[in-house]
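Below is one structure, written out as structure tokens; comments come after it.
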Amino acid sequence: MGLPAAQRWWLLACLAGVPLSAVGAAYPPNTWLQVGPVVVGVPLAWWALHRWPFSTASVAWACSFVLLHLFAARWTYSSVPYDAWGQAAFGLSIDAALGFQRNMFDRLVHFASGLCFALPLVEAGMRHAGLTRRIAVTFMLLAVLAIGAVYEIFEWLLTLGLSTEAAEQYNGQQGDMFDAPKDMALALAGAVGALVADVTRSNGPAD
28 MGLPAAQRWW LLACLAGVPL SAVGAAYPPN TWLQVGPVVV GVPLAWWALH
78 RWPFSTASVA WACSFVLLHL FAARWTYSSV PYDAWGQAAF GLSIDAALGF
128 QRNMFDRLVH FASGLCFALP LVEAGMRHAG LTRRIAVTFM LLAVLAIGAV
178 YEIFEWLLTL GLSTEAAEQY NGQQGDMFDA PKDMALALAG AVGALVADVT
228 RSNGPAD
């Protein structure tokens, strides 16, 4: 059975985002680290979805995160010039208005990782592992934290082999010694937010 058309379009959108992210990237030395996994991951996802089907909603959530990742990778996470855009468009400094002392786009991406993968992970547990919803939710929360921890360890190991400048651009710590646990906490917050929104929607008034 082939993939639903909507899922094919989501995956193709992710592939289309690769050259848009890579061409003219603000920090070319890190580009392959950012877009390489997408180039490999989309064909693998295409194959995996034939073997282990998912709902189109779950595919859309996962691909939305990939597209956000590619957008942020165009500048590297911590250098997306959203504040300059706000000032140019509205004469408003977003950072000043919200009291930010650093570029917060990387925090948004980490929050989005939990938000976008929460429901796909729950679906994976229920549909393909035979878990009850309660156990699947527990699995998802633990998985979000575990994936975040593995990613932070990967960042640390990777930057050991990079120049100081390249390492700072890639991991986006911006001088914050607690950057890693904050990123993990935001991913968990995003996952909890997705669960709350899903429960609220499910318990809403019938049409």
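Taking the numbering used here, I'd label the letters of the sequence shown as residues 28 to 234.
Virtual Cβ for every residue (Gly too), placed ideally from N, Cα, C.
Residue i to residue j span [Cα, whole Å]
i: His-96; j: Gly-217; result: 15 Å
i: Asn-230; j: Pro-56; result: 48 Å
i: Leu-158; j: Ala-43; result: 35 Å
i: Arg-160; j: Gln-34; result: 24 Å
i: Phe-127; j: His-137; result: 17 Å
i: Val-45; j: Leu-39; result: 10 Å
i: Val-226; j: Trp-37; result: 25 Å
i: Val-107; j: Ile-180; result: 23 Å
i: Ala-72; j: Arg-134; result: 26 Å
i: Lys-209; j: Pro-70; result: 32 Å
i: Asp-110; j: Leu-47; result: 21 Å
i: Leu-215; j: Val-164; result: 12 Å
i: Leu-168; j: Val-149; result: 9 Å
i: Ser-82; j: Ala-224; result: 18 Å
i: Ala-156; j: Met-211; result: 25 Å
i: Leu-130; j: Val-65; result: The question names Leu, but residue 130 in the sequence shown is Asn. Looking at the two C-alpha atoms, the distance is approximately 24 Å.
i: Cys-41; j: Ala-115; result: 29 Å
i: Leu-94; j: Ala-53; result: 17 Å
i: Ala-49; j: Leu-213; result: 27 Å
i: Gly-29; j: Ala-75; result: 12 Å
Proximity below 9 Å, CB of residue i to CB of residue j
i: Pro-147; j: Ser-85; result: yes
i: Cys-143; j: Phe-205; result: no
i: Phe-166; j: Gly-175; result: no
i: Val-171; j: Ser-140; result: yes
i: Tyr-104; j: Phe-132; result: yes
i: Ala-207; j: Glu-182; result: yes
i: Trp-88; j: Arg-154; result: no
Go through the stretch 31-115 residue by residue and report every complete run of the alpha helix (DSSP H) that reaches 4 residues or more, in order. Counting whole runs of 4 or more residues, the stretch 31-115 contains the alpha helix (DSSP H) stretches 32-49, 58-78 and 83-100.
Fully enclosed by the stretch 121-183, which alpha helix (DSSP H) runs are 4 residues long or longer? With a minimum length of 4 residues, the continuous alpha helix (DSSP H) runs that stay inside the stretch 121-183 are 121-125 and 132-150.
For the stretch 49-63 against the stretch 98-108, are there 3 or more C-beta pairs whose distance is under 8 Å? The stretch 49-63 makes contact with the stretch 98-108; the number of CB pairs closer than 8 Å reaches 3 or more.
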